[in-house]
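Protein chains: 6
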Amino acid sequence: MKLSARNKIPARVTKINYGEAIANVEMDACGTRLVSSVTVEAVKELGLSEGAEVTVVVKASDLILATE
Amino acid sequence: MKLSARNKIPARVTKINYGEAIANVEMDACGTRLVSSVTVEAVKELGLSEGAEVTVVVKASDLILATE
Amino acid sequence: MKLSARNKIPARVTKINYGEAIANVEMDACGTRLVSSVTVEAVKELGLSEGAEVTVVVKASDLILATE
Amino acid sequence: MKLSARNKIPARVTKINYGEAIANVEMDACGTRLVSSVTVEAVKELGLSEGAEVTVVVKASDLILATE
Amino acid sequence: MKLSARNKIPARVTKINYGEAIANVEMDACGTRLVSSVTVEAVKELGLSEGAEVTVVVKASDLILATE
Amino acid sequence: MKLSARNKIPARVTKINYGEAIANVEMDACGTRLVSSVTVEAVKELGLSEGAEVTVVVKASDLILATE
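Chains as they are written, first to last, in the numbering used here: chain A, 1 to 68; chain B, 101 to 168; chain C, 201 to 268; chain D, 301 to 368; chain E, 401 to 468; chain F, 501 to 568.
Below you can see the structure in the form of structure tokens.
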């Protein structure tokens, strides 16, 4: 499958915090901590758990740039 | 300044493709290519150019997870 | 590939309007007109053209609901 | 009311999963399952329930395209 | 029309910068400058021009909070 | 810190509704009610509470425009 989304970051799941509707999935990507809020349904469907290897996909229009 | 956005990824600008309204800023983050579409105005205000060090900021709700 | 994104809509490309950085891809999905703004780079990489079959992927957090 | 958002998809609510802050609204749109994560407040204000007819509104910049 | 989007900010258009695919619409909202990137098609359909009164609509999941 | 995000709206927190994973932060900005859905973690890290002064940051690509 090819995606128009320009950003595909390899990461490893480190923790999952479940709410009723949404879960926050914490990851490590090359030493940087990432957090993704997804539906609990998605976590189950993808079978995510601590240690799982995932690809973080983000659209180019969702990246904000910051400089000092 | 503290941001509610949970994802802050250090990156280096490698190329900027300008349109009239929007520019696509290409970056390298730990060996992964990133692309951000921002307004041309923002590129000028931040003084972005090849080699610039930036922080990519993304909200947790904008990260999609993919598994094989 | 499995995606956490909850919305996957089959569509057919009907027209592509190119800018320098961004292209607007028009589609038909079950009689509803859809438009996606993606990078020109993505259009080329996916080899999109009129008549192409695609899947529109959208995160659950990006859908606004409206009622009369 | 006219909206700049380019995507307006007619759908019917099939199920609502409530969390404390966010609810996931499941819908059927021409045979395709859709899911929208909105605030619980919005669900109440719009009076959404199973069977309700809604219009799903999405910005063109939020549509990712995928090809096989 | 009722919208699930929780943020509706009254604003006045002050300038429009056109690209080929995307236009940046500048606005004033209670003394704060706002900028929206929308398709050129949307600008035409809504008949936007300098001085036009609009409502800026944003989903709750798209607001980042910052503190000093 | 300079941000590419074009919209920075001063606001004051009026109420916080906590879920398990996500909290909805209600604010007043020049008489307009705003709501932001952020992770509970972010609320704690920023030390948000009723009366706190914040800056709402939104990307230009996330603003939808509406006209009557």
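Positions of the beta carbon are idealized from the N, C-alpha and C atoms, including for glycine.
Task: Bridge partner(s) assigned by DSSP for Lys315 (chain D) - done: DSSP output for Lys315 (chain D) lists D:Glu326 as bridge partner(s).
TODO: Run down chain E in chain order and give the residues with a C-beta less than 7 angstroms from the C-beta of Gly247 (chain C).
DONE: The contacting residues do not exist; Gly247 (chain C) stays about 19 angstroms from chain E at best.
- [ ] Could you confirm whether any beta carbon from chain F is found closer than 8 angstroms to the beta carbon of Arg106 (chain B)?
- [x] Taking CB atoms only, Arg106 (chain B) has a neighbour in chain F less than 8 angstroms away.
Open item on the list: Given this structure, state the Cα-to-Cα distance separating Leu148 (chain B) from Ala452 (chain E), to the nearest angstrom.
Closed with: In a straight line, the C-alpha of Leu148 (chain B) is about 33 angstroms away from that of Ala452 (chain E).
Open item on the list: Suppose contacts are defined by Cβ-Cβ distances below 8 angstroms. Is Thr214 (chain C) in contact with Glu226 (chain C) by that definition?
Closed with: Yes, they are a contact pair.
- [ ] Would you kindly work out how many angstroms separate the C-alpha atoms of Val135 (chain B) and Glu245 (chain C), rounded to a whole number?
- [x] Their backbone Cα atoms lie some 14 angstroms apart in a straight line.
- [ ] Output, in chain order, the set of chain E residues within a Cβ distance shorter than 7 angstroms of Val235 (chain C).
- [x] Those are Thr439, listed as they occur along chain E.
TODO: Could you please give me the residues that DSSP links to Ser149 (chain B) through a beta bridge?
DONE: Answer by DSSP bridge pairing: none, since Ser149 (chain B) is not bridged.
Task: Residue(s) in a DSSP beta bridge with Ser337 (chain D) - done: Bridge partners of Ser337 (chain D): D:Asn324.
TODO: With a 10 Å radius around its C-beta and 16 neighbouring C-beta atoms as the bar for buried, classify Asp328 (chain D) as buried or exposed.
DONE: The residue is exposed, with fewer than 16 neighbouring Cβ atoms inside 10 Å.
- [ ] Compare the Cα-Cα distances from Ser361 (chain D) to each of E:Leu465, E:Ile464, E:Ala442 and report the closest residue.
- [x] Among E:Leu465, E:Ile464, E:Ala442, the Cα nearest to that of Ser361 (chain D) belongs to E:Ala442.
Task: Neighbour list for Lys202 (chain C) in chain A, Cβ cutoff strictly below 8 angstroms - done: Residues of chain A passing the Cβ test: Glu45, Leu46.
Open item on the list: Please confirm whether Asp28 (chain A) has its beta-carbon closer than 8 angstroms to some beta-carbon of chain B.
Closed with: Not closer than 8 angstroms to any Cβ of chain B, the Cβ of Asp28 (chain A) fails to qualify, so no.
Task: Sequence-distant residues of its chain with Cβ nearer than 8 angstroms to Asn124 (chain B) (five each side left out) - done: Hits under 8 angstroms: Ile116, Asn117, Val135, Ser136, Ser137.
Open item on the list: Please tell me whether Ile322 (chain D) has its Cβ less than 8 angstroms away from any Cβ of chain A.
Closed with: At least one beta carbon of chain A lies nearer than 8 angstroms to the beta carbon of Ile322 (chain D).
Open item on the list: In this structure, how does DSSP classify Ala266 (chain C) when only helix, strand and coil are distinguished?
Closed with: Correct three-state label for Ala266 (chain C): strand.
Task: Proximal residues to Gly319 (chain D) (C-beta, below 8 angstroms), its chain only, five neighbours per side dropped - done: Closer than 8 angstroms at the Cβ level, and outside the excluded window around Gly319 (chain D), lie Val340.
Open item on the list: Does Lys359 (chain D) come out as helix, strand or coil in the three-state DSSP assignment?
Closed with: If DSSP states are grouped into helix, strand and coil, Lys359 (chain D) belongs with coil.
Open item on the list: Can you pull the chain B neighbours of Ala511 (chain F), defined as C-beta to C-beta under 8 angstroms?
Closed with: None at all; the shortest Cβ gap to chain B is about 13 angstroms.
Task: C-alpha gap between Cys130 (chain B) and Arg12 (chain A), whole angstroms - done: Going by the C-alpha atoms only, they are around 15 angstroms apart.
Task: Close Cβ partners of Val57 (chain A) (< 6 angstroms) along its chain, the five nearest in sequence each way excluded - done: In the same chain as Val57 (chain A), and ignoring 5 residues on each side of it, the C-beta atoms closer than 6 angstroms to its own belong to Ala5, Lys8, in chain order.
Open item on the list: Against Thr467 (chain E), what residues of chain B qualify as contacts under a CB-to-CB distance less than 9 angstroms, listed in chain order?
Closed with: Per Cβ cutoff of 9 angstroms: Met101, Lys102, Leu103, Ser104.
Task: Residues that Val454 (chain E) bridges to, as DSSP identifies them - done: Paired residues: E:Ala411.
Task: Presumed contact (8 angstroms Cβ cut-off) between Thr367 (chain D) and Pro310 (chain D), rounded CB distance - done: Rounded, the Cβ-Cβ distance is 26 angstroms, inconsistent with contact.
Task: Interface partners of Gly219 (chain C) on chain B, CB under 9 angstroms - done: What Gly219 (chain C) touches in chain B: Gly119, Glu120, Ala121, Ile122.
Open item on the list: Quick test of your reading: Ala496 (chain E) and Ile264 (chain C), contact by CB under 8 angstroms. State the CB separation rounded to the nearest angstrom.
Closed with: Examination of residue 496 (chain E) is not possible in this model, given that chain E is present from 401 through 468 alone.
- [ ] Would you kindly work out how many angstroms separate the C-alpha atoms of Lys159 (chain B) and Met301 (chain D), rounded to a whole number?
- [x] Here the C-alpha atom of Lys159 (chain B) lies approximately 29 angstroms from the C-alpha atom of Met301 (chain D).
Open item on the list: Could you compute how far the alpha carbon of Arg333 (chain D) sits from the alpha carbon of Glu150 (chain B)?
Closed with: In this structure, the CA atom of Arg333 (chain D) is about 43 angstroms from the CA atom of Glu150 (chain B).
Open item on the list: When you compare the CB of Lys59 (chain A) with every CB in chain D, is at least one pair closer than 8 angstroms?
Closed with: Interface residue, yes.
Open item on the list: Between which residues of its own chain and Leu303 (chain D) is the CB-CB distance below 7 angstroms, once the five residues before and five after are set aside?
Closed with: Excluding sequence neighbours, Leu303 (chain D) sits near Val357.
- [ ] Quickly, what does DSSP pair Lys144 (chain B) with across the bridge? List them, please.
- [x] Residue pairing by DSSP leaves Lys144 (chain B) without any beta bridge partner.
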